[in-house]
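So the sequence shown is residues 1 to 158, counted in the working numbering. Beta carbons: idealized from backbone N, C-alpha and C, even for Gly. Keep in mind that this is a model prediction, so the values were computed, not measured. Here's the structure, in structure tokens; my notes come after.
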Amino acid sequence: IKAGKRHCSTGMFLFDLANSVSGASLKDVFTKVVNGISEYIGPDRCIAFQMTPEGKAIPLATGYADGLDLSEKKVRPNVHTIRAAFQKKRAVILNDLPQEPGDRYALGSAAVMPLLDSTGKLVALFYLDTFATNRQHFLESDLEFLKLLADKVKSKFG
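Below, the structure is given as structure tokens:
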């Protein structure tokens, strides 16, 4: 999405991630994934969620663009994007998002990569967004990178 953010070696990052998944905790793996997404794609925010058996999303790792900290602003992830990815069971992008009622900040674009186990059950998801003031959109190539990441992390879920 942001020119100049694609300076890391994608192949090396994926290789390193694949080698570190088996012995690492889920939180460590998700933190590594969030850092890789931040480096390669460059969203304003990235959140890795683990799904509970009851269907609740628990954030395990969050990353923000340089100089951006939304932890005090309580900006909610875009539920429409998450719902679309969950229903379609595939990665989705929604650009030019309308501001949600009650939110103080408008999101510009959101992307979600669901992570399904071998039975097709949703076990985790990676959520990315940008803010309307940045006027940045996610691209299909960003989804391809997210799919590669999901393939490497699937082994943690059997």
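Hey, M113 and K147 are a contact pair by Cβ (cut 8 angstroms); roughly how many whole angstroms apart? Here residue 113 is taken as the residue at index 113 of the sequence shown, counted from 1. Here residue 147 is taken as the residue at index 147 of the sequence shown, counted from 1. Correct: roughly 7 angstroms between the Cβ atoms.
Measuring straight from C-alpha to C-alpha, what distance separates K154 and F145? What you label residue 154 is simply residue 154 of the sequence shown in a count that begins at 1. What you label residue 145 is simply residue 145 of the sequence shown in a count that begins at 1. In a straight line, the C-alpha of K154 is about 14 angstroms away from that of F145.
Between the beta-carbon of L125 and the beta-carbon of F49, is there less than 8 angstroms? Translated into positions along the sequence shown, residue 125 becomes position 125. Translated into positions along the sequence shown, residue 49 becomes position 49. Against a cut-off of 8 angstroms, the Cβ pair of F49 and L125 comes out as a contact.
I want to see whether chain E comes within less than 8 angstroms of G42, judged by CB atoms only; does it? Checking the listed chains, one finds no chain E in this structure; it contains a single protein chain.
Rounded to the nearest angstrom, what separates L122 and P59 at their Cα positions? Against the sequence shown, residue 122 aligns to sequence position 122. Against the sequence shown, residue 59 aligns to sequence position 59. Distance between the alpha carbons of L122 and P59: 14 angstroms.
Looking only at its own chain, which residues have a Cβ that is under 6 angstroms from the Cβ of F138, when we skip the five neighbours before and after it? Here residue 138 refers to the residue found at position 138 of the sequence shown. Answer for F138: I1, I93, S109 and A111, listed in chain order.
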